[in-house]
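Enquirer: Here you go, one structure.
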Amino acid sequence: MRPTLRQLQYLVAIADTGRFGEAAERMHVTQPSMSAQIADMESHLGAVLLERGRHGATLTPVGAEVVRRARLILAQVEELRAAASHADAQLRGRLRLGVLPSIGPYLLPESAKRLHSRFPDLRLAIREERTIDIDAHLADGRLDAGISTAKDHPSCHSLPLFQEDLWVCVSPEDELGQETGPIRLSKLKGKELLSLGYGHGLSVIVGELARKAGAHVSTEYEGTSLDAIRHMAVMGAGVAIVPSLYVASEVRWDQDLVARRLEHPGARRRISLIWRSTSPLAPQLELLADVLASVGKDVLSGLDS
Numbered sequence: 028m029r030p031t032l033r034q035l036q037y038l039v040a041i042a043d044t045g046r047f048g049e050a051a052e053r054m055h056v057t058q059p060s061m062s063a064q065i066a067d068m069e070s071h072l073g074a075v076l077l078e079r080g081r082h083g084a085t086l087t088p089v090g091a092e093v094v095r096r097a098r099l100i101l102a103q104v105e106e107l108r109a110a111a112s113h114a115d116a117q118l119r120g121r122l123r124l125g126v127l128p129s130i131g132p133y134l135l136p137e138s139a140k141r142l143h144s145r146f147p148d149l150r151l152a153i154r155e156e157r158t159i160d161i162d163a164h165l166a167d168g169r170l171d172a173g174i175s176t177a178k179d180h181p182s183c184h185s186l187p188l189f190q191e192d193l194w195v196c197v198s199p200e201d202e203l204g205q206e207t208g209p210i211r212l213s214k215l216k217g218k219e220l221l222s223l224g225y226g227h228g229l230s231v232i233v234g235e236l237a238r239k240a241g242a243h244v245s246t247e248y249e250g251t252s253l254d255a256i257r258h259m260a261v262m263g264a265g266v267a268i269v270p271s272l273y274v275a276s277e278v279r280w281d282q283d284l285v286a287r288r289l290e291h292p293g294a295r296r297r298i299s300l301i302w303r304s305t306s307p308l309a310p311q312l313e314l315l316a317d318v319l320a321s322v323g324k325d326v327l328s329g330l331d332s
């Protein structure tokens, strides 16, 4: 007997939560029923998938491999369902979207309004994730699409949405805040740059700019959000490097901060909508990309005003 799709869903839920009880609540079944289904699957596979203990359930090496394959199977089933329900090239149903935290709060509120008006039957399930996590969760089927930088997801299909320049943000007392207009990269020589931590594509760009400028990225502080590094810059802890969508949405209203565009070919990033090459949702995602690109253009136009 082969494992059922329901049993695979149970196993993945346990892997995600680490506990039978929480997994059972998530799947809307009783814990004894879930335990019995997992035991039945282990019996038919002839392998122990979970190590049960007082502090929860831990995957065995075999269990980890089964979960990896189970995610792929479940993703393919979802794509099969999506291919049927989206056959008329309209956006409806549930779409799981991953988005960079340096993008989501400044793009998605207005995007959600426009999407709801245009596609009232669409239900977005949004997760803010690092670049590396979006890539992993697209691959294992936890996400249907992502808003990220296409170059960081070479195995995915993509549609460009908009391009962002990077900006230097400093306190008004900093020497970089005394002038107006774009700032040359050479002006950052010897400076301590503030950026997001490991796993964020933005931190890779900032690290490369620091190398070219003769600056260094702060090892004392790695931000978890753009707001965090902005506030550190206000306190004089370094020079924050932030993208233009954030500047247009937040920084230009901050009287305690001076923002200047960084003048260098490497000080920019192209934001795209990305998805698995095997996904049947490409026609629908093109509709989504149209809305996201329009909102991005409108937000960034504020920097020209």
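Read in order, the letters of the sequence shown correspond to residues 28 to 332 in this note's numbering.
Ideal Cβ positions, reconstructed from N, Cα and C, are used throughout, including at glycine.
1. Enumerate in chain order the residues of its own chain whose CB-to-CB distance from Leu236 is below 8 Å, with the five nearest sequence positions on each side excluded.
2. Leaving out five residues on either side along the sequence, give the residues of the same chain with a beta carbon under 6 Å from the beta carbon of Asp283.
3. In this structure, what does DSSP give as the bridge partners for Asp192?
4. If Leu149 sits next to Arg119, beta carbons under 8 Å apart, how far is it from one beta carbon to the other, in whole angstroms?
5. Near Leu86, what residues of its chain come up, given a Cβ to Cβ distance below 8 Å and the 5 sequence neighbours on each side ignored?
6. Please give the ranges of any alpha helix (DSSP H) in the stretch 118-186, keeping only runs that are unbroken, at least 4 residues long and fully inside the region.
7. Just to confirm, are Thr57 and Ala50 a CB contact at a threshold of 8 Å?
8. Hey, which unbroken runs of the alpha helix (DSSP H) at 4 residues or more fall wholly within the stretch 188-245?
9. Quick check: the stretch 318-326 against the stretch 134-147, are at least 3 beta-carbon pairs closer than 8 Å?
10. Excluding sequence positions up to five away, which residues of its chain have a Cβ less than 6 Å from the Cβ of Gly329?
11. Quick one: what's got a C-beta closer than 8 Å to Arg370's C-beta in the same chain, skipping five residues either side?
12. Looking only at its chain, what residues have a beta carbon closer than 7 Å to the beta carbon of Lys324, apart from the 5 residues adjacent to it on each side?
13. Per DSSP, what kind of secondary structure is Pro270 in: helix, strand or coil?
14. Output the distance between the C-alpha atoms of Ala66 and Glu105, rounded to the nearest integer angstrom.
15. With DSSP collapsed to three states, give me the class of Glu52.
16. Taking Cβ to Cβ, would you say Cys183 is nearer than 8 Å to Ala286?
17. Please classify Tyr37 as buried or exposed, where buried requires at least 16 other C-beta atoms within 10 Å of its C-beta.
18. If you reduce the DSSP assignment to three classes, tell me which class Arg96 lands in.
19. Could you round the C-beta distance between Glu137 and Val322 to whole angstroms and report it? I think they count as a contact, below 8 Å.
20. Helix, strand or coil, according to DSSP, for Thr44 in the structure here?
21. So what does DSSP say about Glu249, is it helix, strand or coil?
22. Considering only the beta carbon of each residue, do Gln64 and Gln103 sit closer than 8 Å?
23. When DSSP builds the beta bridges, which residues end up paired with Leu77?
24. Would you identify the three-state DSSP class for Leu101, choosing helix, strand or coil?
25. For Ser245, which option in Gly234, Gly90, Glu277 has the closest C-alpha, if you only look at C-alpha atoms?
26. For the beta strand (DSSP E) containing Val278, list its first residue and its last residue.
27. Hey, how far is the Cα of Glu313 from the Cα of Thr305?
Expert: Once the coordinates are examined:
1. Counting from one through the sequence shown, the residue named residue 236 turns up at place 209. Cβ neighbours of Leu236 beyond the five flanking positions: Leu193, Leu212, Leu215, Leu220, Ala242, Ile268, Leu289, His291, Gly293, Ala294.
2. Taking the first residue of the sequence shown as 1, we reach residue 283 at position 256. Excluding residues within five positions, the ones whose Cβ falls inside 6 Å are Val261.
3. Along the sequence shown, one-based indexing puts residue 192 at 165. Under the DSSP definition of a beta bridge, Asp192 partners with Arg295.
4. For the purposes of this step, residue 149 is taken as residue 122 along the sequence shown, with counting starting at 1. For the purposes of this step, residue 119 is taken as residue 92 along the sequence shown, with counting starting at 1. With a Cβ gap of about 6 Å, Leu149 and Arg119 count as contacting.
5. As a working note, residue 86 is residue 59 in the sequence shown. Excluding residues within five positions, the ones whose Cβ falls inside 8 Å are Ala42, Leu76, Leu77, Glu78, Val94.
6. Here the runs fully enclosed are 131-145, 158-166.
7. Position 30 of the sequence shown holds residue 57. Position 23 of the sequence shown holds residue 50. Inclusion of Thr57 and Ala50 in the CB contact set at 8 Å is not warranted, their separation being larger than that value.
8. Qualifying alpha helix (DSSP H) stretches, in chain order: 228-240.
9. Contact annotation: the stretch 134-147 touches the stretch 318-326, with at least three C-beta pairs closer than 8 Å.
10. As a first step, residue 329 must be located in the sequence shown, where it is residue number 302. The residues are Ala275.
11. The structure shown has nothing for residue 370, since the chain only spans 28 to 332.
12. Looking up residue 324 in the sequence shown gives position 297. Within the same chain, and ignoring the five residues on either side of Lys324 in sequence, the residues whose Cβ sits closer than 7 Å to its Cβ are Phe189.
13. As a working mapping, residue 270 is identified with position 243 in the sequence shown. If DSSP states are grouped into helix, strand and coil, Pro270 belongs with the strands.
14. Taking the sequence shown and counting its residues from 1, the one referred to as residue 66 is at position 39. Taking the sequence shown and counting its residues from 1, the one referred to as residue 105 is at position 78. Ala66 and Glu105 have their alpha carbons spaced roughly 25 Å apart.
15. Residue mapping note: residue 52 aligns to position 25 of the sequence shown, counting from 1. DSSP places Glu52 in helix when its eight states are reduced to three.
16. As a working mapping, residue 183 is identified with position 156 in the sequence shown. As a working mapping, residue 286 is identified with position 259 in the sequence shown. No; because the gap between Cβ atoms is not below 8 Å, this pair is not in contact.
17. Here residue 37 corresponds to residue number 10 of the sequence shown, with the count starting at 1. Answer is buried; the Cβ neighbour count reaches 16.
18. To locate residue 96, count along the sequence shown from 1; it is residue 69. Under the three-state reduction of DSSP, Arg96 is assigned to helix.
19. Position 110 of the sequence shown, counted from the start, is the residue given in the question as residue 137. Position 295 of the sequence shown, counted from the start, is the residue given in the question as residue 322. The pair is a contact, with the Cβ atoms about 5 Å apart (cut-off 8 Å).
20. On the sequence shown, position 17 is the one that residue 44 refers to. Three-state DSSP puts Thr44 in a helix.
21. Here the question's residue 249 lines up with position 222 in the sequence shown. DSSP places Glu249 in coil when its eight states are reduced to three.
22. The residue you call residue 64 lines up with position 37 of the sequence shown. The residue you call residue 103 lines up with position 76 of the sequence shown. The answer is no: Cβ separation not under 8 Å.
23. Position 50 of the sequence shown holds residue 77. BP columns for Leu77 point to Leu86.
24. Against the sequence shown, residue 101 aligns to sequence position 74. Helix at Leu101.
25. Translated into positions along the sequence shown, residue 245 becomes position 218. It is Gly234.
26. Taking the sequence shown and counting its residues from 1, the one referred to as residue 278 is at position 251. Boundaries for Val278: no beta strand (DSSP E) harbours it, and the DSSP string shows neither H nor E there.
27. By one-based count along the sequence shown, residue 313 stands at place 286. By one-based count along the sequence shown, residue 305 stands at place 278. Answer to the nearest angstrom: the Cα atoms are 15 Å apart.
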